[in-house]
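Below is one structure, written out as structure tokens; comments come after it.
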Amino acid sequence: MDQLKTDLPAAQSLVNRALIAHPNNHNTCSEAAIESAKTGYETYDDMEDHVFDTSPITPRELQGWKIFGFATEGYSALAAAVFFPLILENLASTQAYDSKSVREGDFPLIPCNVTSSQYSCSIFVGSVWVDTTSFVFYCQYNSLLTNPILLPFKLPLDATTISVFLQFLLFINLGALADHGGYRKTFLIGFAVTTSLLAISTLLVTRNNLLWLATIIFMMSNVTYCASYVFFYAWVPILTRYNPEVIAAVEKKISHEEYSHISETVANSVSSQGFFWGYLSAVIQLILGAAIYIAMGDGNKYGLPSVYPLQIGIAMSGIWTLIFLPFTQKWLKPRPGTPLPKGENFVLFSIKKLGHTLAKVHRLGQLFLFLLGWFIYSDGFTTIIAVAILFFRTEIGVSTTNLLIAAIITPLFAAIGCYVWNKIQVYTKATTKQILLAQAFLYCLLCVYGLIGFFTKPGTFGLRSRNEIFPLAAYHGFLLGATQSACRVMFSELLPPGYESEFFSLYEITDKGSAWVGPLIVGLIDDRTHEKRNSFWFILAMLAIPIIIFGVLDIEKGKKQAREYVEDMKALRDCKKKAEFATEQ
1 MDQLKTDLPA AQSLVNRALI AHPNNHNTCS EAAIESAKTG YETYDDMEDH
51 VFDTSPITPR ELQGWKIFGF ATEGYSALAA AVFFPLILEN LASTQAYDSK
101 SVREGDFPLI PCNVTSSQYS CSIFVGSVWV DTTSFVFYCQ YNSLLTNPIL
151 LPFKLPLDAT TISVFLQFLL FINLGALADH GGYRKTFLIG FAVTTSLLAI
201 STLLVTRNNL LWLATIIFMM SNVTYCASYV FFYAWVPILT RYNPEVIAAV
251 EKKISHEEYS HISETVANSV SSQGFFWGYL SAVIQLILGA AIYIAMGDGN
301 KYGLPSVYPL QIGIAMSGIW TLIFLPFTQK WLKPRPGTPL PKGENFVLFS
351 IKKLGHTLAK VHRLGQLFLF LLGWFIYSDG FTTIIAVAIL FFRTEIGVST
401 TNLLIAAIIT PLFAAIGCYV WNKIQVYTKA TTKQILLAQA FLYCLLCVYG
451 LIGFFTKPGT FGLRSRNEIF PLAAYHGFLL GATQSACRVM FSELLPPGYE
501 SEFFSLYEIT DKGSAWVGPL IVGLIDDRTH EKRNSFWFIL AMLAIPIIIF
551 GVLDIEKGKK QAREYVEDMK ALRDCKKKAE FATEQ
């Protein structure tokens, strides 16, 4: 029973709520706390029949987890990041009119000329004209529930705010499903299969006027893909906790500091292997997608939309998932989590769990200051990708083939960047904070380079030439993987030992929760100014503000706050033990 209680963080929370520590002495428990604990432990007894799979992780099981990333990452790198934006922008343009003609109120309106190297077109949605590029940005952050692209709202802001909030709640509730009960593997596979079937269904968009169908498929598949990764990430603590090396460390009864070091090393290894297989899959599928597009050429000659070869590429990524997903189904063990506490439901419990974590802001101020910077920074370098693709496509007239080549270059240089930046840090003996600040500064230079284009001539520099796309894709990739790694490491330094899973779930929610801000603002800027280059001012601010936040971040103070937090929790555990002893009397 004692071991069972140790492995039941969810059930322990019942005791936490039932115990009251004296404000000036954490080792003193009130009589009321002891009496309340008796009631709380009735829920523990209900869980004695629950079977926990604590068997060591096997190489085959770990491979089953890694191959999930290999099976599904292609959707993110190929479909969501590159192909869908190009498809939606192209289909929207076939239904659109020249933006200048729209602004001047010409009659009849001049149809959009997509063959022009610098075309700017607007499409009528509901009761408002929307730039075709903005259309893509709006689609990238909306859920299906209240999407302004599909509903006739005059202004989309209120609807999109609601939709983002609802999607945010969805992911929080999925987090509870991931941590508790036996649904983790079922939903992992289920959401991945749904995503792949939606990807294949893009083949149904056989006419330009089926833009609405392509939009729905994109948004649905984006939500289900992100949902599958909520469960995918939930496996990292499990693969760490039951790793043979970690189990051996526990049996040796080593110090907590040594255990934390071993556990962190194993977790980083597991996570990096997952990223590696995902990057490998992304590169392979991007090459295959580019080959399909080059081989088929313009889809119009087959009586289909001109971007139909890209739709075949997306369908290919869906088929790829269905081919490799059975290995995950076969090799990855379910490993059910603890049941929800008695009387709880997934919706309320998830919200309370998030609230419990956020309530620690005043005690872990430096950690939450970092999360604020990460919230802005991650959205900044993510938005650059979407802006760059559409900017080169519509403003400079880069061919789809060259865009696909650039998309392949980015993950290749991301892998190279991770290696090189690690060597730079070792050679210079720089701290993770110094490395992160340098990377953020270099990202700012990328935006400044785009703004220089206001003062240069076409065909020169400052995002004015088609040839610039390849070195800029390499530059972005060289920073992308390394800066994500630096952020994770810095966040790990600020974590209270033993509470990694709880706070890394908040780290992921912060990352995904900010993904709508950049596309929303960039879409509005493009709609209002009809100058896509103005977006770089906003992205520059999104990358510069985190430099200030990370700059004032006190890592040593954060580590001290983490240690003090652990000491306070230890005192509270001592208090709980007294309550447990009293319940046995």
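Per full-length UniProt numbering, residue 1 is the first one in the sequence shown, and the count goes up by one each step.
Quick reminder that beta carbons are idealized off the backbone N, C-alpha and C, glycines included.
| Check | Outcome |
| --- | --- |
| For serine 122, which residues does DSSP report across the bridge? | Tyr97, Asp131 |
| Once the 5 residues before and after serine 228 are set aside, which same chain residues still bring their CB inside 7 Å of it? | Thr72, Leu188, Phe191, Ala192, Thr195 |
| Where do the N-terminal and C-terminal ends of the alpha helix (DSSP H) with serine 55 fall, by residue? | It is not in any alpha helix (DSSP H) - serine 55 carries neither H nor E in the DSSP assignment. |
| Since I believe glycine 477 is in contact with isoleucine 409 (beta carbons under 8 Å), could you give me their beta-carbon distance rounded to a whole number of angstroms? | 6 Å |
| Compute the Euclidean distance between the alpha carbons of isoleucine 469 and threonine 382, then round it to the nearest angstrom. | 17 Å |
| Classify valine 503 as buried or exposed, calling it buried when 16 or more other Cβ atoms lie within 10 Å of its own Cβ. | Before going on, a small fix: residue 503 reads as phenylalanine here, not valine. When all chains shown are included, phenylalanine 503 counts as buried. |
| Should histidine 22 be labelled buried (16 or more other beta-carbon atoms within 10 Å of its own) or exposed? | Confidence is the limiting factor: at histidine 22 the pLDDT is only 38, short of 50, which leaves the residue's position unreliable, though a coordinate-based value still follows. When all chains shown are included, histidine 22 counts as exposed. |
| For the putative contact between methionine 490 and leucine 543, defined by C-beta atoms under 8 Å, what is the C-beta separation to the nearest angstrom? | So it is not a contact: roughly 16 Å between Cβ atoms. |
| Kindly list the residues whose CB is nearer than 7 Å to the CB of tyrosine 97, restricted to its own chain and excluding five residues on each side of it in sequence; keep chain order. | Leu109, Ile110, Pro111, Cys112, Cys121, Ser122 |
| Just mark tyrosine 565 as buried or exposed, buried being the case when its beta carbon has 16 or more other beta carbons within 10 Å. | buried |
| Would you identify the three-state DSSP class for proline 237, choosing helix, strand or coil? | helix |
| Is the beta carbon of alanine 199 sitting closer than 9 Å to the one on tyrosine 75? | yes |
| With 16 other CB atoms within 10 Å as the buried threshold, where does cysteine 575 fall? | buried |
| From the DSSP output, in three-state form, read off threonine 338 for me. | strand |
| DSSP three-state label for histidine 180, please. | strand |
| What's the C-alpha gap between phenylalanine 370 and isoleucine 549? | 7 Å |
| As a quick exercise: from Lys253, Gln285, Gly181, pick the residue whose alpha carbon is nearest that of alanine 79. | Gln285 |
| Check the C-beta distance from alanine 325 over to glutamate 61 and give it rounded, since I have them as a contact under 8 Å. | Note that residue 325 is leucine in the sequence shown, not alanine. No, leucine 325 and glutamate 61 are not in contact; Cβ-Cβ is about 16 Å, not under 8 Å. |
| Under 8 Å by Cβ, that's how I've got leucine 197 and glycine 318 pegged, so tell me the actual separation to the nearest angstrom. | 7 Å |
| In angstroms, rounded to a whole number, what distance separates the CA positions of proline 156 and tyrosine 419? | At proline 156, the pLDDT of 36 sits below 50, so the modelled position is not reliable and the matter cannot be decided from this model. |
| May I ask you to verify whether the stretch 271 to 281 touches the stretch 301 to 309, counting CB pairs closer than 8 Å and requiring at least 3? | no |
| Please list, in chain order, all residues of the same chain as residue 587 whose beta carbon is under 7 Å from its beta carbon, the five residues on each side excluded. | The requested residue 587 does not occur in the structure, where the chain is confined to residues 1 to 585. |
| Can you give, in chain order, each stretch of the alpha helix (DSSP H) that sits fully within the stretch 291 to 332 and has at least 4 residues? | 308 to 331 |
| Closest by CA to glutamine 311, which one among Lys559, Phe327, Ile292, Leu340? | Ile292 |
| Give the straight-line distance between the Cα atoms of glutamine 425 and threonine 54, rounded to the nearest whole angstrom. | 38 Å |
| My guess is that leucine 213 and leucine 203 are in contact by the Cβ rule of under 8 Å, so how many angstroms apart are they, rounded? | So it is not a contact: roughly 11 Å between Cβ atoms. |
| Which residues in the same chain as leucine 211 place their Cβ atom closer than 7 Å to its Cβ, once the five residues preceding and following it in sequence are excluded? | Leu91, Ala92, Gln95 |
| Can you tell me which of the three DSSP states proline 148 falls into? | Because the pLDDT of proline 148 is 41, which lies under 50, any placement of that residue in the model is unreliable, and the number read from its coordinates should be weighed accordingly. Coil, per DSSP. |
| So for proline 497, helix, strand or coil by DSSP? | coil |
| Rounding to the nearest angstrom, what Cα-Cα distance links leucine 553 and arginine 393 in this structure? | 39 Å |
| Once the 5 residues before and after serine 535 are set aside, which same chain residues still bring their CB inside 7 Å of it? | Val387, Val522, Ile525, Asp526 |
| For a test of the three-state rule: what should DSSP assign to proline 111, helix, strand or coil? | strand |
| Could you check how far apart the C-beta atoms of alanine 440 and proline 546 are, in whole angstroms? I think they sit under 8 Å. | 6 Å |
| Classify threonine 460 as helix, strand or coil using the three-state DSSP reduction. | coil |
| Just to confirm, are alanine 571 and isoleucine 385 a CB contact at a threshold of 9 Å? | no |
| Please state if the CB of leucine 364 and the CB of alanine 562 are separated by a distance shorter than 9 Å. | yes |
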